[in-house]
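K.L.:
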Amino acid sequence: MPPSSTADSILVPRSLAVPLVEVSRALKIAPVLTFADTVLWNWELVNPSLPVSIDNMRFLNLFSGTEDERNFYLTSARAEFAGVEMLRIINDYFNLPNVTDMTSISKISRDLAKLTGVIEELSGIIQSVRNVVDPHVFYWEVRPWYEGSQARGPTEPAWIYEGVADSDTFDLSGPSAGQSSVMHALDIFLDIDHKLKDRRSPAPSVNNKRADLGFMDRMRRYMPGKHREYLGYLAATHRPIRDLALQTPALREPYDAAVMALKKLRDLHIRIACLYIVTMSRTTPPVGSGCPVSAMMAKLEKERAAGRGPSRGTGGNELALLLKAGRDATRRAAIRIN
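The numbering of the sequence shown is our numbering, which starts it at 365 and goes up by one.
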């Protein structure tokens, strides 16, 4: 855990930096804590004789040692499990030999209805976090461990990896739900235009344009290499389902239903983020217990009291702007409002 400091940079010693960077390069992932480290790779089977399931998983490494942190990872894992069905639907679509015959159109319509149901299930999973993760514990005891050198904006001290060339160019924000390849695959499949490249209605607001339009692309650099390659394959496959729905009246309603379910999920995500980050940023930390995170908590409290800057996600973004821009980009994909 880097100390609270006003120095120009924080030095990560050679004994840690060199092996961390070498392993990260082999995995084709950023040399910093990521979503893959905290959720995808951070568990073992309770009973090795049984298959992988939420009830048969035990998370291994907890920074805070709290059940809230463990439950946060479990909630994320539940979302990833639900995402498996989304990936099946997406792969079925891209593997269809012909998407314009009546048999294929009927299957696509049914699969879009299934996809809507999975997205609604994801919303329920996100909502369930309120029952098992205390917002105050999450903000003050768990979240500080996630903050890399770029997580709090460009004015924060940089991390220098001793013995590693060009470490000032590394991606070092920290873990974020924006690094889930499942959600990126869904955005690619539904043709959600986060970069505002396409002309869709309603026109992007001033705040939409102010948001970090490159955030989703940047988060891919924190994914395992194979996940990033899969997303690249999906993006390069020229079979956009939105264009097919535009050309096929029978698909417009099921496509829009899936898009609007995703929009509602992002509405919910905004509310959860406001509760767990924006609201909690105005509270005071618990009494220090002597754990190494205390210095960082004191620093966060000092900055909060000074009113320094907007609430940011651990991916280094201005949270409210980013989440609302993502929600609005999703809504613009719906055919009936364009």
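Ideal Cβ placement from N, Cα and C applies to all residues, glycine included.
Can you tell me whether Val497 is helix, strand or coil according to DSSP?
P.N.:
Val497 sits in coil when the DSSP states are folded into three classes, being neither helix nor strand.
K.L.:
Looking only at C-alpha atoms, which of Glu433, Ala381 and Ala609 sits nearest to Asp402?
P.N.:
Reading the sequence as shown, one finds Thr at residue 402 and not Asp. Looking at the Cα atoms, Glu433 is the closest of the given residues.
K.L.:
Considering only C-alpha positions, which residue in the set Asn406, Lys688 and Thr398 is nearest to Asn571?
P.N.:
Lys688
K.L.:
Starting from Trp523, follow its DSSP beta bridges and name the residues at the other end.
P.N.:
Ile374
K.L.:
So what does DSSP say about Glu386, is it helix, strand or coil?
P.N.:
DSSP places Glu386 in helix when its eight states are reduced to three.
K.L.:
So what's Arg422 in DSSP terms, helix, strand or just coil?
P.N.:
strand
K.L.:
CB Ser468 to CB Asn462, shorter than 8 Å?
P.N.:
In terms of Cβ geometry, Ser468 and Asn462 form a close pair [threshold 8 Å].
K.L.:
Rounded to whole angstroms, what is the Cα-Cα separation between Ile382 and Gly527?
P.N.:
Residue 382 is actually Val in this sequence, not Ile. Their Cα atoms are separated by approximately 6 Å.
K.L.:
Assign Asn681 to one of three DSSP states: helix, strand, or coil.
P.N.:
Caution is warranted here: a pLDDT of 48 is assigned to Asn681, below 50, making its placement in the model unreliable, and the coordinate value is therefore given only provisionally. Reduced to three states, the DSSP call for Asn681 is coil.
K.L.:
So, at 7 Å on beta carbons, what are the nonlocal neighbours of Ile483 in its own chain, with the 5 sequence-adjacent residues on each side left out?
P.N.:
Ala622, Ala625, Leu626 and Leu629
K.L.:
Given the structure, does Tyr503 come close to the ligand NAD, in the sense that its CB is under 7 Å from one of the ligand's heavy atoms?
P.N.:
The ligand NAD is absent from the structure shown, which contains no ligands of any kind.
K.L.:
Which first and last residues belong to the alpha helix (DSSP H) in which Glu617 is found?
P.N.:
Pro613 to Ala637
K.L.:
Taking only the alpha-carbon atoms, compute the straight-line gap between Ser379 and Phe423 and give it to the nearest angstrom.
P.N.:
Whole-angstrom Cα-Cα distance: 27 Å.
K.L.:
Distance check for Ala698 and Asp607, CA to CA, integer angstroms please.
P.N.:
About 11 Å.
K.L.:
For Pro604, collect the residues of the same chain with a Cβ closer than 6 Å to its Cβ; drop the 5 residues on either side in sequence, then sort them by chain order.
P.N.:
Asp555
K.L.:
Locate the beta strand (DSSP E) running through Leu554, then write down its first and last residues.
P.N.:
Segment Ser545 to Leu554 is the alpha helix (DSSP H) holding Leu554; no beta strand (DSSP E) there.
K.L.:
Would DSSP call Trp405 helix, strand or coil?
P.N.:
coil
K.L.:
Judging by CA-CA distance, which residue of Leu397, Ala441 and His633 is the nearest neighbour of Gln491?
P.N.:
Distance check between Gln491 and each of Leu397, Ala441 and His633 places His633 closest, using alpha-carbon atoms only.
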